[in-house]
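Quick note, the sequences are listed as chains L and F, same order. Counting along the first sequence from 1, when you hit position 124 you're at 1448 in our numbering, and nothing is skipped either side. Counting along the second sequence from 1, when you hit position 37 you're at 1361 in our numbering, and nothing is skipped either side. Glycine is no exception: its CB is placed at the ideal position from the N, C-alpha and C atoms. Predicted model only: the values in this text are computed from it and were never measured.
Number of protein chains: 2
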Amino acid sequence: MSGGSKERIERVAADLLARDGYNGMGLKAISDGASLPYGSIYHHFPSGKEGIAVAAITSMGSHTGALLAELTADGVTDAAIHAMFGFMGERLQRSGWTKGCTVGTPALDGAAGSEPVRDSCDAVFSSLVDTLAQALERQGLARADADDLATTIIAAYEGATMLARTRRSRAPLDTTAAAMCRLLRDALAS
Amino acid sequence: MSGGSKERIERVAADLLARDGYNGMGLKAISDGASLPYGSIYHHFPSGKEGIAVAAITSMGSHTGALLAELTADGVTDAAIHAMFGFMGERLQRSGWTKGCTVGTPALDGAAGSEPVRDSCDAVFSSLVDTLAQALERQGLARADADDLATTIIAAYEGATMLARTRRSRAPLDTTAAAMCRLLRDALAS
DNA sequence: AGGCGACTAGAAAGAACGTTCTAGCGATCA
DNA sequence: TGATCGCTAGAACGTTCTTTCTAGTCGCCT
């Protein structure tokens, strides 16, 4: 079978978080999805639901971070931005518009109920913004400007994901990506 | 007491949706918050939880839409954009960074589980985009450009709200608002 | 006065939830 | 061989959830 039990749990949890959020993620669904007996879950994650969510968010975050770093290794280009937004469009469409962002969904519905969940989402967002900002700095942007643009792009990315999901259309992602490209061009020009 | 029972239920539900999402919203919490006996809820909303959520989302949406229309009556200005983003910053900070967007939160965590919820969120988003786009058209933008910019602003607004909430800081909202102003200036200039 | 509809009030039911517990299996190591 | 450890396996528990149901209360209309 693919991967250890712990990794399977994390992967299934990540999918459930993306679809139903932290409150909607059930341990029964995790054990079913991971083809694992119910009791095994608490063996791998003694901290229970909260620990699983944090692990899934953190793991998915570092994976996404690596992808983003690779994508922007040669700088933040129009192609990189469209690839980034297009990636989520593909993911959404292929899942029947149900699989949103593994970080964004619990960031909204779980932040008030669990401090560790909020904290791990914050860490992922900060890391993504940082990765983007560093690439922008390499392109000549001042640190503050790079941070601001990176924050805007990540915010637009999460928001466009939300709109695309509720509208069941990639259009908001494509539109927003194009706007981010305009913002990028202006920032690099000055 | 302030308002009828139905309105109180909607208001409490809107707060719970904003904080805990659709899956995290409990009917018990609604009856407590509205100072209403548990059974009364099903008298006012025979359709149960789903109906309450849809009503709260729709009501909050039309209220927000009216506010946005008023704010952009003289066109979409820098001041209007900053007021819009600042409104959410105030709301977040005053609630101890727990009260996010009544539409955005269930849009993510409830869309997969309830089609009516997804649909009502979609309707609100479309209405907000439309309001913004119409104001932009009045300022001379072509319809397609107005739609695109409006979509981007709403997406950025929701995403920045997410970042601000998890980071417990208004900074992402302020930063993103400034970026939207730049985007607006460029669009109006061309 | 009498009846009716709107609303209050909360118990009951049945399912699902997260957590804890005990029992058992199989491999590794003394 | 016997003991130990990692993990499987799922029952049990108490809580919470949504929905439904039955009474009871209040005001209004005829």
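Around the beta carbon of LYS1423(L), 16 or more other beta carbons lie within 10 angstroms, which makes this residue buried. As the crow flies, the alpha-carbon of ASP1498(L) is around 42 Å from that of SER1364(L).
With respect to chain L, the C-beta atom of GLU1482(F) has a partner C-beta closer than 9 Å.
Using a Cβ distance threshold of 9 Å, ALA1393(L) and GLU1334(L) do not count as a contacting pair.
A straight-line Cα-Cα distance of about 44 Å links SER1386(F) and ALA1397(L). The Cβ of LEU1360(L) sits no closer than 9 Å to any Cβ of chain F. At least one beta carbon of chain F lies nearer than 9 Å to the beta carbon of CYS1425(L). Secondary structure within the region 1445-1500 of chain F: the alpha helix (DSSP H) runs of 4 or more consecutive residues, fully enclosed, are 1467-1491 (chain order). Counting C-beta atoms within 10 angstroms of its own C-beta, GLU1439(L) has fewer than 16 neighbours from the protein chains shown and is therefore classed as exposed. Per the coordinates, the alpha-carbon of ASP1446(L) lies some 25 Å from the alpha-carbon of TRP1421(L). Going by C-alpha positions, LEU1351(L) is about 7 Å away from LYS1373(L). The distance from the Cβ of THR1500(F) to that of ALA1479(L) is about 5 Å, consistent with a contact at the 8 Å cut-off.
Chain order gives the chain F residues near PRO1496(L) as THR1475, ALA1479, where near means a beta carbon separation below 8 Å. Closer than 9 Å to the CB of THR1429(F) there is at least one CB belonging to chain L. One finds GLY1345, TYR1346, ASN1347, GLY1348, ASP1433, GLY1434, ALA1436, GLY1437 in chain F with Cβ atoms closer than 9 Å to the Cβ of GLY1348(L), taken in chain order.
The three-state secondary structure of ALA1358(L), taken from DSSP, is coil.
Cβ atoms of GLY1437(L) and TYR1346(L) come within 8 Å of each other, at about 7 Å. When rounded, the separation of the alpha-carbon atoms in MET1504(L) and GLN1417(F) is 27 Å.
Taking 9 Å as the CB threshold, ASP1471(F) lines the interface with chain L. Boundaries for THR1396(L): no alpha helix (DSSP H) harbours it, and the DSSP string shows neither H nor E there. In terms of beta-carbon proximity, ALA1503(F) lines the interface with chain L, with at least one pair separated by less than 9 Å.
Neighbourhood of ARG1415(F) in chain L, by CB distance below 9 Å: empty, with the nearest CB roughly 14 Å away. Within chain L, the residues ALA1503, ARG1506, LEU1507 have their CB atoms less than 7 Å from the CB of LEU1507(F), given in chain order. Secondary structure at MET1349(L): coil, using DSSP grouped into helix, strand and coil. The Cβ-Cβ distance between THR1426(L) and ALA1431(F) does not fall below 9 Å. Here ALA1407(F) carries a helix assignment [DSSP, helix/strand/coil]. With a threshold of 9 Å between beta carbons, THR1499(F) makes contact with chain L. The C-alpha of GLN1463(L) is placed about 55 Å away from the C-alpha of SER1355(F).
At a beta-carbon threshold of 8 Å, the residues of chain F lying near ASP1510(L) are ARG1506, ASP1510, ordered along the chain.
Residue state for GLY1434(L) is assigned as coil, using DSSP reduced to three classes. The contact set of ASP1446(L) on chain F, defined by CB atoms closer than 7 Å, consists of THR1490, ARG1491 in chain order.
Proximity of THR1455(F) to chain L, defined by a Cβ-Cβ separation below 9 Å, is not satisfied. DSSP places SER1383(F) in the helix class (H, G or I) of the three-state scheme. For SER1355(F), no Cβ of chain L is located within less than 9 Å of the residue's own Cβ.
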